[in-house]
Every structure is written in C-alpha cells, then in structure tokens.
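*Asks:*
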Amino acid sequence: MQSPFFFFFLLLFYSLTQIFLYYDFVDGYAVIVKNITVDKSGHGDFTTIQGAIDSIPDNNNQWIRIHVVQGIYREKVYIPPQKGYILLEGEGHQQTSIEWDEAVSSNSINWSTDLSNSILDYGDEGAEGVTFTIMADNYVIKDISFKNTYDHIKYGAKEASAAFVGGDKGSFYRCAFFAYQNTLCDYRDRHYFDECWIEGAIDFIYGFSQSIYENSTLHSIKEVSQPGWVAAHAKIKPDVSAGFVFKDCTVDGGKTFLGRPMNSYGTIVFDKMYMAGNIVPEGWDISEVGDDVNPTTFAEDSCSGPGSDTTHRVKWEKKLGSKELEYFTSIKFIDQEG
1 MQSPFFFFFL
11 LLFYSLTQIF
21 LYYDFVDGYA
31 VIVKNITVDK
41 SGHGDFTTIQ
51 GAIDSIPDNN
61 NQWIRIHVVQ
71 GIYREKVYIP
81 PQKGYILLEG
91 EGHQQTSIEW
101 DEAVSSNSIN
111 WSTDLSNSIL
121 DYGDEGAEGV
131 TFTIMADNYV
141 IKDISFKNTY
151 DHIKYGAKEA
161 SAAFVGGDKG
171 SFYRCAFFAY
181 QNTLCDYRDR
191 HYFDECWIEG
201 AIDFIYGFSQ
211 SIYENSTLHS
221 IKEVSQPGWV
231 AAHAKIKPDV
241 SAGFVFKDCT
251 VDGGKTFLGR
261 PMNSYGTIVF
271 DKMYMAGNIV
281 PEGWDISEVG
291 DDVNPTTFAE
301 DSCSGPGSDT
311 THRVKWEKKL
321 GSKELEYFTS
331 IKFIDQEG
C-alpha cells in the first residue's frame, strides 16, 4: 500500500505541472495567463484574428498570447485601446499574413495641428484605409506580415497603409509591412521594431511617434520616374519628445530620399546604417516649398554604403554631438522607466 505522502507529492507534482503549462513568459519577464489559437482551417479556438481579439475582456491587464497558424488571413483587424497586454504571434512573416485592400476616401490628415484621436475615424474596424490598427498599450507582435493590397496602378496613389500603430509600449519583432503609399503609420507613443522588413514608395514610415528601428530593412519600390521618401515625421512643438531613430538598418531598392519633415519640428536620425546606391545625393527633401526646415532634426552618423556619402546633403541636415547621439540611440529614448 502506498504511503499517504506518495499521493500528496503526486498531487503536488500534478498541480505544479498544470501551473507551468498554464503560465509562460514573454521575453523573460511577462507572464502569459491564457493562450488562444487562430487557425483559418478551423482547428483552433477561432478562425479569424478579429474574433480572437474580440474575445479578450475589456480593460484586460494580464498578458494573453494569440498564436496565428500559418496562412493568409484576409481581414481588417482592429485592437482598440481597452484590449491591451496582447502577444500576437504568427509562424513567420513569410508564412502568416494579414491582408486587406482599402485606401482612404481622401488624403485629409492635418499633420500640423492635432495629435488627438479626433483627426481620424477609427470606427469599429480601425483607421480608414488600413489593414491592421492597434491603439492599445502594452503589446508584443512577432512573425507576421501586414499587407495593404490596394492597387495604386489601377486606381491611383492614395494613402493605403498596412499598419496603423498607436498605443504606448509596443514592439514588433521579425514582422513585415507591405504597401505603396504610407505603408506604416507609426502614429504616436513609444514603439520598438527589430528585424523587420518595411516596404513602400511614398513616406512609407510616417507619423508623430517616438520609435527605434533596429536591424531592419527599409525597401523602396518607387518607380524610376521620380524618387520616393522613406520616412516622414512630425512634432507639434519642439519640446515634445518624439522622433524616428533607425539603427543598424539597411536602405535599398528604388530611388529615394531618406525622408522629409511633415512640419517644422520633424525628427529623424539614421545611425550606423547601410545605404545602397539608391539614395538621392541630397539625402533629405521638403514637403512644401517655403517650409521652415531649420528647426527640424534630420541627421546621419557612422553610415556606410554607396548612398552614405554626405558631400551633397542639404545644408539643413544636423550634425549631432556625442551626447545628442547617445540620447537618440539609447534604449532610454523609448524606455524611460527602465
């Protein structure tokens, strides 16, 4: 006959096993309390990503993993402000893709006047002309492609974004973004992108946000007729902490400017980049004739490649000192809390 202690330890072992099966970690520090599987073939908890998002309780404050099985998910996805603490993961950006075909009805965003939500109509489906919209805080997204398949050749170039990224403390790992104009709206708040592929032609990374991009590829698909622009940034006031910082990334593809300001306080920094021969010698462009570009902070440091020659760069490009460069390129730029 087995000792009562045997059954006690057996029960304890079983309980601990169930706990460790239930809990997991996001990047070593955040506990996962629930796992949801999305499989369009019907072998998961949901067949659509939006269905999985909608199942998360409002004002959620515990990490939930949504695993998306490989496949093309033709749906418009919106993660609203009350659905935070989400780990959304695919099975590789070449295997798991969210795709939608939609452009805005008019290019009407006024980047010079307002940072509030009122400048865009999110509705119940996310921002107009966008495949994937996220406005919640605290999220991690991995191994997924986002595509806006709007046909600019057939219907004309319009804002048609693959992703509209808001919310604070968000990060993307090994993701890909595909569109033609305004591919990635990095709208506002603090974000981190690592090992991502971002492809477009006209202002294909744009917004108000405070973000760092590392180890990523910025691929221009602009036609040879005229150059495009990689990034466009705006700040409402000079004392607002915001800007795009690109570190250890690659710029390649079609002819392109590095970027342009959307107002007089735009901030874009390229650090230790590889620039292929597709970069326009002037480097930077303006948005409108007569724009005051002197208050902007557009800078490069320690870049390489045939496009990194700064001999013919615009006169208003800034030269950053060591302390300024450290401010922008340190992770503290987006993580003041540590």
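In this text, residue positions in the sequence shown follow the UniProt record's numbering: the first is 1, and each later residue adds one. Virtual Cβ for every residue (Gly too), placed ideally from N, Cα, C. Note that the coordinates shown come from a computational prediction; the quantities given were computed from them, not determined experimentally.
#1: Is it buried or exposed, phenylalanine 9, if we count other Cβ atoms within 10 angstroms and call 16 or more buried?
#2: Helix, strand or coil, according to DSSP, for isoleucine 331 in the structure here?
#3: Return the chain-ordered list of same chain residues with a C-beta closer than 7 Å to the C-beta of proline 295, the five sequence neighbours on each side being excluded.
#4: So phenylalanine 244 and histidine 233 are supposed to be a Cβ contact under 8 Å. How far apart are they, rounded?
#5: Please tell me whether, using a cut-off of 6 Å, the distance from the CB of aspartate 203 to the nearest non-hydrogen atom of the ligand SAH is below it.
#6: Alpha carbon to alpha carbon, how far is glycine 253 from histidine 191?
#7: Since glycine 167 and aspartate 143 are thought to touch, with beta carbons under 8 Å apart, how far apart are those beta carbons, to the nearest angstrom?
#8: Which one or two residues does DSSP pair with aspartate 292 in a beta bridge?
#9: Measure the Cβ-Cβ separation of asparagine 215 and aspartate 186 and say whether it is below 7 Å.
#10: Using CA coordinates, which residue listed in Met135, Leu87, Val280 and Lys169 is at the minimum distance from glutamate 337?
#11: Let's test the definition: count the other Cβ atoms within 10 Å of the Cβ of aspartate 54 and tell me whether it reaches 16, buried, or not, exposed.
#12: On the three-state DSSP scale, how would you describe serine 41?
#13: Would you call the stretch 84-97 and the stretch 151-165 in contact, with 3 or more CB pairs under 8 Å?
#14: Measuring CA to CA, which of Cys175, Glu282, His152 and Val130 is closest to alanine 162?
#15: Rounded to whole angstroms, what's the CA-CA distance from aspartate 271 to lysine 318? Just pull it up for me.
#16: Would you list, in sequence order, the uninterrupted beta strand (DSSP E) runs of no fewer than 3 residues that lie entirely inside the stretch 240-280?
*Replies:* Put simply:
#1: Bear in mind that a pLDDT of 47 at phenylalanine 9, under 50, signals an unreliable position, so the number given afterwards is only what the model happens to contain. With fewer than 16 Cβ atoms within 10 Å of its Cβ, phenylalanine 9 is classed as exposed.
#2: helix
#3: Pro238, Ser264 and Tyr265
#4: 5 Å
#5: Here there are no bound small molecules, and the ligand SAH is not part of this structure.
#6: 25 Å
#7: Wrong, their Cβ atoms sit about 20 Å apart, outside the cutoff.
#8: Aspartate 292 pairs with nothing; no bridge assigned.
#9: no
#10: Lys169
#11: exposed
#12: coil
#13: no
#14: Val130
#15: 13 Å
#16: 243-247, 250-253, 256-261 and 267-271
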